Structure formats: C-alpha cells, structure tokens
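Report on the following structure.
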Amino acid sequence: MTRGIYITGTDTEIGKTVVAAGIAGALKKSGIDIGVMKPFMSGAKREDPHSDAAMLKSLAEDTNCIEQINPYQFDEAVTPLLAAEMNSIDISLDKLLSHWNEISLTHDFFIVEGAGGLMAPMGSDYHNGHIAREMGFPLIIVARPGLGTVNHTLLTIEKARTMGIEVLGIIINGVQFGERTLAEQTNRKLIERFTDVSVLGEIPWLEKLEKKTIIEAVENNVSLNSLTGLGVKA
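Written out as structure tokens, the structure reads:
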C-alpha cells in the first residue's frame, strides 16, 4: 500500500500549500522518494508558477506531470463542487480515485493536499474527509495561530475521528513570534490539553514564499521525526 499523509486545514487560505510543499521538500532533501497530489484546485491556473499545484511539484521535485498532480482545476475561486457544477462537470469519488490509482505507485510516499477544510465539499456526495479515508492516509491539520483556532482545530479532529481517520498531528502556520497575542502564545498548550494530538510545530510568517525559505522553515520548526511511524526516516 502506498504510504502518505493528507494535509487539511481548519479553514481555507491558511497556508496548507506552504506546509504541504515544505514537508515534501524537506523529505525529498532527506532522500525520500516523494510524490505530491492536489486533487482539486480552483481560482488558479495549473501552469501559474505560484499556483498550489505548481508549488507542490516544484518543492517535491515530482517528475509526474502537472495534470497528474492536479487532475481537476477550475478558474472560479469557489469550492470545487460549485466550480464543477458551474462548468457542467460531475466528478464522482470513484472517478477521482481512479486518477489517484494511476499515480499512487509512482513514488514511495505521497503528500496529498486537500482544498479548503476537512468538510469542504469536493463532489455532490463527498468532501475532503472521504478522500483521505479512501486513500487510507492520516491527517495533518494546518491551523491558524490566532483566537478561535482551538475551537476550529478540535472540531476538525472530532469530525475526522468520527469518520475513522487517524489524526497524525497539527501544524500552526503563519506565527509572528515577536508580536504574538496571549491567545497565540497559549493555543498550542490548550490544543494539546484537550486532545491527545501533538502540535508538530509552529511555522513563522514568511514574507517571501521561495523554495529554500519554505523548506528551511519546515526543517527548523516542524518535527519531521513524527513521520517515522509511517516508514519515513527523516
């Protein structure tokens, strides 16, 4: 069975791609054969070098073509379900998984990034959680640093567990360490207090999203050793 992790978030626009691409790049540097996948992307062109799919491919140095990495792309900046309906396209979960099966054996380990949060609808009868469960991958949840993130994180964990999905850990992204509020200083301990899920790291706010900077931010701030239980040695 192909090994991997599924990156989801407590919300959209919280830097899931930075985290996913950074992990992929860091593991690639350590000698792991890494593949990436972004099943759905809306609001950007695949070929845009700043798109989520392009960033994942670049940092992972994945040799699969961009259409394999991102099989479904929509120009409209809305949830993939609505974008597909606006384009009169019906994408079943089985159809998506057939794309996954085509590339799943091309690498030893995959980083798969969902679009939006765990419950964001991807098709007419499924959401990100269903994709992660069918792939058999545990979750890494990307969370905001600010007030309210404890509630959002705990809700995401609770939903994942009701679906039988393992939660591997949480990464807090976009921390401005020199200007942290009281909530931002205490969120990590509070999340771990109310769950048995570890916060694997806190990634600082990055002014420039360059390959070297992103990979170093993950290497310096995230416990990549947490992946060793999945057969990865980082």
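Reading the sequence shown from the start, the letters are residues 1 to 234 in the UniProt record's numbering.
Where is the CB? At the ideal position from N, CA and C, for every residue including glycine.
Since this is a predicted model, take the numbers as computed values, not measurements.
What I want to know is whether the C-beta of E61 ends up closer than 7 Å to one or more non-hydrogen atoms of the ligand MN.
In the structure on display, the ligand MN does not appear, and there are no ligands present to speak of.
Using the Cβ count rule (16 or more neighbours within 10 Å means buried), how would you classify D33?
Start at 1 with the first residue of the sequence shown, and residue 33 comes out as number 33. Exposed, since its Cβ has fewer than 16 Cβ neighbours within 10 Å.
Own chain residues within Cβ distance below 7 Å of G231, not counting five before or after
Taking the sequence shown and counting its residues from 1, one reaches residue 231 at position 231. Note that G231 scores a pLDDT of 49, beneath 50, so its modelled location is shaky; the value from the coordinates is reported in the next line. Taken in chain order, the residues that qualify are R3.
Return the residue from the list A26, K212, R193 that minimises the CA-CA distance to F109.
Stepping through the sequence shown from its first residue, residue 109 is reached at position 109. The shortest Cα separation from F109 among A26, K212, R193 belongs to A26.
C-beta atoms of R133 and I165 nearer than 8 Å
Within the sequence shown, the letter at position 133 stands for residue 133. Within the sequence shown, the letter at position 165 stands for residue 165. Yes, they are a contact pair.
Buried versus exposed, by CB contacts within 10 Å (16 or more), Q73:
Within the sequence shown, residue 73 is the residue found at index 73, counting from 1. By the neighbour-count rule (16 or more Cβ atoms within 10 Å), Q73 is buried.
As assigned by DSSP and simplified to three states, the class of V218
For the purposes of this step, residue 218 is taken as the residue at position 218 of the sequence shown. Three-state result, V218: helix.
To which residues of the same chain is I172 closer than 6 Å at the C-beta, ignoring the five residues directly before and after it?
In the sequence shown, counting from the first residue as 1, residue 172 sits at position 172. The answer, listed in chain order, is A143, P145, E202.
Look at the Cβ atom of K159, then the Cβ atom of L118, and state whether they are nearer than 8 Å.
The sequence position of residue 159 within the sequence shown is 159, counting from 1. The sequence position of residue 118 within the sequence shown is 118, counting from 1. The answer is yes: Cβ separation under 8 Å.
Relative to the alpha-carbon of L154, which residue among G15, Y126, E192, M135 has its alpha-carbon at the smallest distance?
Residue 154 sits at position 154 when you count from the first residue of the sequence shown. Selected option, being the one with the closest Cα: E192.
Residue interval of the alpha helix (DSSP H) (run including T156):
Your numbering for residue 156 matches position 156 in the sequence shown. Counting along the chain, the alpha helix (DSSP H) containing T156 begins and ends at 149-162.
Pairing CB atoms from the region 63-81 with CB atoms from the region 33-42, are three or more of them under 8 Å?
yes
Taking the beta carbon of V78 as the centre, do at least 16 other beta carbons fall within 10 Å, making it buried, or is it exposed?
Stepping through the sequence shown from its first residue, residue 78 is reached at position 78. Result: exposed.
State the Cα-Cα distance for the pair I141 and N87, rounded to the nearest angstrom.
In the sequence shown, counting from the first residue as 1, residue 141 sits at position 141. In the sequence shown, counting from the first residue as 1, residue 87 sits at position 87. Approximately 30 Å, taken between the alpha carbons.
Out of D48, Q176, A115, S124, which has the shortest C-alpha to C-alpha gap to E207?
For the purposes of this step, residue 207 is taken as the residue at position 207 of the sequence shown. Of the candidates D48, Q176, A115, S124, the one whose C-alpha sits nearest the C-alpha of E207 is Q176.
Please determine, among S226, L97, A120, the residue with the shortest C-alpha to C-alpha distance to E13.
The residue labelled residue 13 in the question sits at position 13 within the sequence shown. Comparing Cα-Cα distances from E13 to each of S226, L97, A120, the minimum goes to A120.
Helix or strand or just coil, what does DSSP make of G178?
Residue 178 sits at position 178 when you count from the first residue of the sequence shown. Reduced to three states, the DSSP call for G178 is helix.
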